[in-house]
Amino acid sequence: MNAGTPILIAVVGHTNAGKTSLLRTLTRRVDFGEVASRPGTTRHVERVDLQVGGRTALRFFDTPGLEDAISLRSHLDAFGQGDAAAQTPPERIRRFLQSPEAHGDFEQEAKVLRTLLDADAAFLVIDVREAVLPKFRDEIELIGSCGKPVLPVLNFVSHAAARTAEWQALLAAYGLHAVVRFDAAAPFVGAERDLYQDLVTLLRHRRADLEAVVAHLAREARLRDAAAAQRIAGLLIDVASLRRLLPATTATAPAASPADAAAPSQGATTSREAAIAALRSDVFAQAQRCADDLLALYGFREGDAGEARLPLVEGRWSMDFFSPEAMKDAGIRLGKGAMVGAAVGAAADLAVGGLSLGAGVALGSALGGALAQGWSPLGRKLLHRLRDIQELSVEDNVLGVLLVWQVRLARALAQRGHAAAGHAVAENLDVALPPEAIVRVLRAVQPARAHPEWNSAKSGLLSVLRKHDAGPAKAHLLQSVTQAVQSITEYRAQPTV
Amino acid sequence: MKIVPRENRETPAGDALFIEAIALVEQAGPLEDAQAMRTAAAARNDSESRIAARARALGARIGLQETLDRARSLAPWVALGLVALVALAGLTLAGTVVGERRINVMVALASLLGVHIVTLFLWLVGLALPATAFQFSFGGLWLFLTARVAGGRTGQAPVLVRAASRLLARARLLPWALGFVSHAIWTLSFTVVMASVLFALAFRNYTLTWESTILEPAFFVRWVQMLGALPGLLGFPVPDAATVLGSTPAGGAGAAQRTWALWLAGCIVCYGLLPRALLTLGCGMVLRARKSSIRADTATPAYRKLVARFDAMAPSHVVDADPGAPAVTAPHGLAAGQTTNARLVIGFELPADWPWPPESMAALETAGFVVLRIDGSAIQRQRVLDQLAQARPRVVLVACHASASPDRGTARFLRDAAALAGECRIWLATRDGDADGVQRWRTWLADTGLATLQASDDLATVMLAEPQGRAAA
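As structure tokens, this is what we get:
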């Protein structure tokens with residue numbers, strides 16, 4: 004009979020237990036309400052909807068914290084005594100809500116109880132780091148006396164000071180056996196689904212609606228992860244296809260040894276340095292756009308990076324993708340040969356312009372770029388013969404670093420709640436990704452090296468018509484690289500289970 | 033001329049075109065879309081139609097809609113121009129082999145049907161290899177020219193073309209859509225060609241011949257019979273062997289010419305007009321049947337990003353507003369003359385597993401202190417407050433758990449206790465030096481109007497300091 008109307012859920016609990024944090028996470032909204040470590044941050048009742056397929060499926064009410072349950076319980080005992088019409092607990096609560104103290108000393112508690120009386124169910128948020136005290140018993144009794152199904156949500160279960168077992172015993176004493184373990188500040192994969200599935204046991208007549216919500220959330224999560232993988236694949240293709248052309252005369256100076264680099268004309272050196280710097284800044288800009296897109300994809304605003312306290316986001320571009328330290332950090336300690344196969348010898352580290360045709364096709368796709376790697380004699384010779392132009396492109400190691408960073412960022416974003424202001428985050432981001440999967444991705448992206456026009460930043464509108472057929476071919480490559488990237492995320496998913 | 037999806041306004045396919053085009057434009061950098069996001073969020077409920085509404089609003093602003101409208105009105109004329117071109121080319125080619133009213137039937141047939149057969153073959157190849165279909169069809173040429181005419185070189189038309197082709201390619205409809213246009217153009221061209229050929233043959237006297245330098249006459253007999261078989265089924269006459277052999281340039285004329293002319297017309301109908309007309313029909317049917325598969329790709333990062341942004345715009349409403357915190361006054365303790373020399377230490381709402389009194393207290397000079405402990409329940413609170421009222425101590429020290437969150441219940445107790453003693457102090461007890469918790473309590477005490485109470489996480493400080501009352505006296 005209720006199908007179609009939203010399920011009303013009051014989120015209640017002691018002050019500072021993390022009610023608003025929970026709601027931020029459940030609604031994926033970093034800007035909902037106000038979160039702070041001081042008590043009594045939320046002082047009003049605020050409503051926020053969860054939409055499923057254009058329809059409001061769940062309507063949450065964020066309530067102020069219960070702060071003075073002990074006194075309120077004593078106060079409530081005065082109601083209903085000798086009044087036959089007020090013998091049930093909810094009736095006594097209603098009487099209280101009409102009394103003057105409901106707008107006086109117990110204003111905040113009255114708001115909670117008023118909201119709860121109109122709701123279908125309540126999430127009772129509990130900070131399990133708190134010691135189990137009589138005031139919490141009174142809170143549970145107060146909430147219970149509203150006569151609504153209550154689902155306790157244990158927050159901060161992964162904290163060192165958590166007293167989860169004690170809390171579960173207390174809740175069981177009040178008949179609250181279904182308990183959801185949650186951590187608004189830590190990875191919450193799976194907890195969200197548990198929450199709604201446990202809610203089904205309390206609201207059996209809304210089973211279909213809640214299952215639709217669970218299915219919707221699972222679908223959205225899958226689509227988000229797939230989109231993130233595709234975005235990362237797009238970045239890799241963009242960067243792999245990045246290229247800077249240099250007249251050969253400016254690039255002939257072997258930069259492998261500093262002594263040689265100093266020898267030729269000053270102008271040639273500076274123009275080469277300028278080209279390298281320009282290429283690097285292109286890579287940074289594209290990586291940053293990808294990171295910003297990932298943030299937006301998971302419902303974080305760009306400005307929230309600081310608030311979200313992600314180590315990756317905070318120091319994100321202070322690190323040099325091109326330094327050996329970055330590669331070490333990313334867990335890429337593979338030699339170049341292992342990266343793209345034995346075809347890339349030490350000598351063939353220069354992608355040469357004009358080699359992408361004819362005999363160059365196979366060779367060209369196998370050749371890594373040479374950035375800060377020195378110009379190989381072989382490459383230079385080929386270059387002089389063929390075109391007198393050198394191409395500067397980005398090396399596979401750098402692609403590997405980009406890949407690992409972005410995958411870690413996406414993973415962290417996918418798993419984290421939207422609320423963690425001021426909470427230490429125990430995210431293990433430094434686990435090395437499987438090298439063979441990284442190599443698979445880097446192999447998959449190689450064809451992009453032969454297509455400088457595939458770089459999305461470069462392909463202006465003018466080239467749109469001329470390069471019609473880049474569409475299907477690039478789309479195909481994007482698909483295969485996306486699959487390879489996804490294999491990393493899926494590989495990662497297993498050990499965490 | 034009806035082409036999917038360009039003709040569809042406010043349809044899923046039309047929405048998809050705008051979504052795709054805007055996504056392409058935004059690859060080069062985001063558009064300023066605050067207004068479009070707001071109106072879309074207000075007008076629609078589900079993310080799919082919101083994203084479509086946003087794309088249409090942005091499309092109207094950057095001129096996509098205008099270009100599309102122009103392209104739509106120009107498209108039929110471009111197609112007609114192509115028809116004229118094809119027909120003219122075919123007839124001119126056929127005309128070059130007409131010398132002194134003498135038509136070489138084989139060359140005429142080849143020039144009228146040759147290009148058509150080749151492009152038809154390429155289209156069939158394109159069906160198998162969708163990626164290559166674009167370059168080889170009049171459909172592609174038509175799309176290109178329409179875009180060029182409607183938008184010039186630099187406008188938004190190329191974006192629309194690319195968006196449309198990507199959409200169609202994703203729906204695996206690109207060869208069918210372009211094929212539909214190509215076949216329609218060819219069908220119209222053959223109609224024009226047939227009309228002009230029949231007109232010429234009807235009212236002018238031509239001699240239809242064949243000639244060869246190296247081929248046997250029997251070869252021509254066989255070919256004429258073979259090619260004529262299909263038109264024959266439709267009632268077109270087929271020249272018999274004698275007619276063929278007699279129709280060399282040197283040979284006869286007369287009634288045989290009529291057979292030849294009808295055979296030629298039958299071949300053009302059967303191998304040119306009819307296949308193209310049927311394929312036009314077939315492509316049209318495929319397009320109609322699979323029109324619903326032309327949809328925006330909801331899995332792309334750009335799309336999911338918009339979904340997240342629209343989700344975050346869901347308004348939250350304050351349904352029960354905060355009237356503002358009531359004015360608080362600092363609690364006043366008992367005056368110096370009203371107190372006794374008793375000193376009380378109350379452990380308030382400490383975790384049950386903490387020893388009380390703590391070891392740190394045992395190390396201090398605690399003579400004269402009464403040490404109590406309550407878990408905060410109403411009965412115990414009342415009992416302790418009664419005790420305080422009786423003892424009227426000079427100093428009461430309340431030990432609170434600094435890592436726990438302070439609340440109004442605690443504030444109520446502190447106020448009550450402070451009112452019943454000369455001075456109330458707070459020890460913020462921690463086990464492992466929770467500096468954040470201590471700071472939180474201090475801030476809270478200040479916010480709650482309890483800043484006058486001395487609070488510290490160092491037990492000795494709060495326990496052994498001289499009472500203020502005595503110092504004042």
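The listed protein sequences correspond, in order, to chains D and S. Residue numbers are given in my numbering: position 141 of the first sequence equals residue 144, and the series is strictly consecutive. Residue numbers are given in my numbering: position 162 of the second sequence equals residue 194, and the series is strictly consecutive. We put the beta carbon where it would ideally sit given N, CA and C, even for glycine. Bear in mind that the values here come from a model prediction, so they are computed numbers and not experimental data.
query, result
"In angstroms, rounded to a whole number, what distance separates the CA positions of Cys456/S and His433/S?", "16 Å"
"So Ala508/S and Ala72/S are supposed to be a Cβ contact under 8 Å. How far apart are they, rounded?", "Shown here, chain S extends from 33 to 505; a query on residue 508/S therefore has no answer."
"What separation, rounded to the nearest whole angstrom, lies between the Cα atoms of Val484/D and Glu248/S?", "60 Å"
"What residues from chain S crowd round Asn501/D, counting only those whose CB sits closer than 7 Å?", "No information on residue 501/D is available, as it lies outside the stretch 4 to 500 that chain D covers here."
"Considering only C-alpha positions, which residue in the set Asp272/S, Phe222/S and Arg322/S is nearest to Pro44/S?", "Arg322/S"
"Given a limit of 7 Å on CB to CB distance, which residues of the segment 76-87 of chain S reach chain D?", "Asn77 and Asp78"
"Three or more C-beta pairs under 8 Å: does that hold for the segment 198-217 of chain S against the segment 309-318 of chain S?", "yes"
"For chain S, is any of its Cβ atoms less than 8 Å away from the one on Leu154/D?", "no"
"I'd like to know if Thr118/D contacts chain S, where contact means its C-beta is closer than 8 Å to some C-beta of that chain.", "yes"
"Among the candidates Val157/S, Leu175/S and Trp155/S, whose CA atom is the shortest distance from the CA of Leu114/S?", "Leu175/S"
"Can you grab the Cα-Cα spacing for the pair Val401/D / Ala278/D, in whole Å?", "17 Å"
"Compute every distance between the C-beta of Tyr177/D and the non-hydrogen atoms of the ligand FMN, then say whether any falls below 7 Å.", "Summarising the ligand content, the structure contains no ligands, and the ligand FMN is consequently not present."
"For Pro137/D, go through chain S and note every residue whose CB falls closer than 7 Å to its CB, in chain order.", "Asp407, Gly408 and Ser409"
"Using three-state DSSP, classify Gly377/D as helix, strand or coil.", "Per-residue confidence for Gly377/D stands at a pLDDT of 32, beneath the threshold of 50, marking its modelled position as unreliable; the derived number appears in the next sentence. Three-state result, Gly377/D: coil."
"Are Ala20/D and Gly68/D close, meaning C-beta to C-beta below 8 Å?", "yes"
"Scan the segment 214-238 of chain D for residues whose Cβ lies nearer than 8 Å to a Cβ of chain S and list them as they occur along the chain.", "Glu223, Leu226, Arg227, Ala229, Ala230, Ala231, Gln233, Arg234 and Gly237"
"In this structure, does DSSP put Leu396/S in helix, strand or coil?", "coil"
"Between Val430/S and chain D, is the shortest Cβ-Cβ distance under 8 Å, so that the two count as touching?", "no"
"Per DSSP, which residues does Val57/S bridge with? Please list them.", "Partner(s): none; Val57/S has no beta bridge."
"Are His17/D and Asp439/S close, meaning C-beta to C-beta below 8 Å?", "yes"
"Chain D beta carbons: is any one of them nearer than 8 Å to that of Pro355/S?", "yes"
"Rounded to whole angstroms, how far is the Cβ of Asp489/S from the Cβ of Thr462/S, which I believe are closer than 8 Å?", "6 Å"
"Using a 10 Å radius around the Cβ and a threshold of 16 neighbouring Cβ atoms, would you call Trp109/S buried or exposed?", "exposed"
"Does the Cβ of Phe153/S have 16 or more other Cβ atoms within 10 Å, making it buried, or fewer, making it exposed?", "exposed"
"Listing by chain order, which chain S residues have their CB less than 8 Å from the CB of Gly302/D?", "Ala340, Asp343 and Ala344"
"Note down the Cα distance separating Arg426/S from Thr484/S, rounded to an integer number of angstroms.", "16 Å"
"Taking DSSP's pairing of strands, which residues face Asp65/D in a bridge?", "Val14/D and Glu49/D"
"Going by CA-CA distance only, name the one from Thr45/D, Asp186/D and Leu202/D that's closest to Val217/D.", "Leu202/D"
"List in chain order: all unbroken beta strand (DSSP E) runs of 3+ residues lying wholly within the segment 273-357 of chain S.", "349-352"
"Using a Cβ-Cβ cut-off of 6 Å (strictly less than) and excluding sequence neighbours within five positions of Arg76/S, which residues of its own chain qualify?", "Arg82 and Ala85"
"Kindly indicate if chain D contains any beta-carbon less than 8 Å away from that of His364/S.", "no"
"Checking the sheet assignment: what are the DSSP bridge partners for Ile378/S?", "Leu404/S and Val430/S"
"Can you check whether the CB of Phe126/D is closer than 8 Å to the CB of Ile12/D?", "yes"
"Does any residue of chain D have a CB that is nearer than 8 Å to the CB of Val301/S?", "no"
"Taking Arg32/D as the query, report the chain S residues whose CB atoms sit under 7 Å from its CB, ordered along the chain.", "Ala344"
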